[in-house]
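Asker:
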Amino acid sequence: MKLHTIFFWLLLAASGSCQHALAAPPSVSAVDSTLVMPAAVYGATPMGGQVSEADDRCGALDLLYSAVHKRLKTRFKYLPLARDAGPNSARLKLVIVDVFTISARGPTIVQADALLERPGRPAVQYRALRQGHKKWSDTNPNLTECSMIDAVIDALAMDITTWTLTHRFPKSP
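According to my numbering, the residues represented by the sequence shown are 78 to 250, in order.
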């Protein structure tokens, strides 16, 4: 290996990924706040149908909950059960309203609603939609209809996290 190639890899390893630096959520004063996240659920599609586990062959429900929770856990004190929440706790409810995967090379689309309830303030809702697909040049025999789900969920979680952090939260007691 050439010296400049080795230097490049060392520099890349030392700096971390560029994507991580770009993906950092905005800074808000929510460090001491409590945010309760009940389990994510399936909801009604924009066309009126009901999404169910049968529609979610790739596990988008659990992936979305985990991705949003992971991004927010450093900013909030989490309570495992909603019944343990204090009067100043905010609640973030996630609802999957559409999941579409058709084939290994086809589109993967996930749409979710985030409902933020804060004491003394009206609830606010955000609808996020992300989609992705593999390029024909990136396909291989190991691809499945779920090959894009991680990238789609990661982008969706970033959207929901960024939206959540734009709201002010009361300090926990």
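Glycine residues also receive a C-beta, built at the ideal position from the N, C-alpha and C atoms.
Quick caveat, the model's predicted, so the values are computed rather than measured.
Applying the criterion that 16 or more other CB atoms from any shown protein chain within 10 Å of the CB defines a buried residue, is D161 buried or exposed?
Answerer: On the sequence shown, position 84 is the one that residue 161 refers to. Label assigned to D161: exposed.
Asker: By a C-beta neighbour count over all protein chains shown, 10 Å radius and 16 as the cutoff for buried, is K170 buried or exposed?
Answerer: Walking along the sequence shown from the start, residue 170 turns up at place 93. The residue is buried, with at least 16 neighbouring Cβ atoms inside 10 Å.
Asker: In the DSSP assignment, the beta strand (DSSP E) including D133 goes from what residue to what residue?
Answerer: For the purposes of this step, residue 133 is taken as residue 56 along the sequence shown, with counting starting at 1. Element bounds for D133: n/a, residue is neither H nor E.
Asker: To the nearest angstrom, how far is the alpha carbon of S166 from that of A205?
Answerer: Position 89 of the sequence shown holds residue 166. Position 128 of the sequence shown holds residue 205. Between S166 and A205, the C-alpha separation is close to 23 Å.
Asker: DSSP on T185, reduced to helix/strand/coil?
Answerer: For the purposes of this step, residue 185 is taken as the residue at position 108 of the sequence shown. Residue state, collapsed to three classes: strand.
Asker: Please report the distance separating the alpha-carbon of A117 from that of E222.
Answerer: For this step, residue 117 is matched to residue 40 along the sequence shown. For this step, residue 222 is matched to residue 145 along the sequence shown. If I take the Cα positions, the gap works out to 22 Å.
Asker: Note down, in chain order, each residue of its chain lying with its Cβ closer than 6 Å to the Cβ of E194, except the 5 sequence neighbours on either side.
Answerer: Within the sequence shown, the letter at position 117 stands for residue 194. Excluding sequence neighbours, E194 sits near R168, A200.
Asker: Please go through the same chain and pick out, in chain order, the residues whose beta-carbon is closer than 8 Å to the beta-carbon of T238, but skip the five residues on each side of it.
Answerer: What you label residue 238 is simply residue 161 of the sequence shown in a count that begins at 1. Excluding positions up to five away in sequence, the list reads P102, V145, R148, L149.
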